[in-house]
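S.K.: For the sequence shown, UniProt numbering gives the first residue as 1, with consecutive numbering after it.
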Amino acid sequence: MRKLKGGGALPAKASPKQLVKGLAGGFLGIMVLGLLGQNTGHPWLMAPFGATCVILFAAPASPLAQPRNVIGGHLIAAAVGLLALYTLGDTLWVMALAVGLSIMLMQACRALHPPAGANPLVIMLAGQQAVGFEFLINPVLAGSVALVAIAALLNNVAEDAGWPSYWHGLGRSKQD
């Protein structure tokens with residue numbers, strides 16, 4: 001049996017500014033989505049958005065925190081979840097397949113966003129009576145765009161502003 005490695009150093013300690021940005025981003029992101037949901041009568045919140053806030057506000061330089069990844073990843077994974085639910089049902093094997101397919105497609109589209117991997121589970125656990133294809137628009141697209149807009153404001157309120165690192169459509173970029 002191989003020995004697991006793990007002797008590396010801990011990540012650098014977050015600065016007070018980074019700590020405040022994480023607190024403010026998580027609070028504002030979820031509060032704005034919640035208030036929009038209350039005022040419009042449409043859902044704007046889903047559990048994976050909490051994890052999206054962690055990446056957007058605590059690790060904004062990460063490729064996983066870029067708008068392409070946040071928006072594209074959520075759309076891809078939710079679409080897979082909806083297609084799986086409406087064509088194959090909501091059994092355990094379908095849930096597992098949908099998560100695996102979501103990961104594969106996010107990788108293939110270069111729009112990997114780990115919190116989005118939960119979207120098929122959220123969709124299938126809610127079921128067909130609670131979730132239709134409009135779920136792609138609201139909360140998935142609307143909520144992820146709103147979080148990206150909040151991140152653009154908060155992540156650029158410093159002298160080291162420059163977020164996002166890149167923003168390319170889901171198609172081919174100039175680097176392909």
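Yeah, the Cβ is synthetic: ideal placement off N, Cα and C, and Gly gets one too.
For a minimum of 4 consecutive residues, which ranges assigned as the alpha helix (DSSP H) are wholly contained in the UniProt domain "HPP transmembrane region" (12-160)?
M.R.: 16-40, 48-58, 67-88, 92-108, 119-126, 142-154
S.K.: If you count every other CB in all the chains shown that lies within 10 Å of the CB of residue 55, and 16 or more means buried, which is it?
M.R.: buried
S.K.: Short of 7 Å in beta carbon distance, which residues of its chain neighbour residue 73, apart from the five on each side in sequence? Order them along the chain.
M.R.: If we look at residue 73 and ignore the five residues flanking it on each side, its Cβ neighbours are 106, 111, 112, 113, 116.
S.K.: Would you decide whether residue 10 is buried or exposed? Buried here means 16 or more other CB atoms lie within 10 Å of its CB.
M.R.: exposed
S.K.: Buried or exposed for residue 132, please, with buried defined as at least 16 other CB atoms from any protein chain shown within 10 angstroms of its CB.
M.R.: exposed
S.K.: Note down the Cα distance separating residue 28 from residue 16, rounded to an integer number of angstroms.
M.R.: 18 Å
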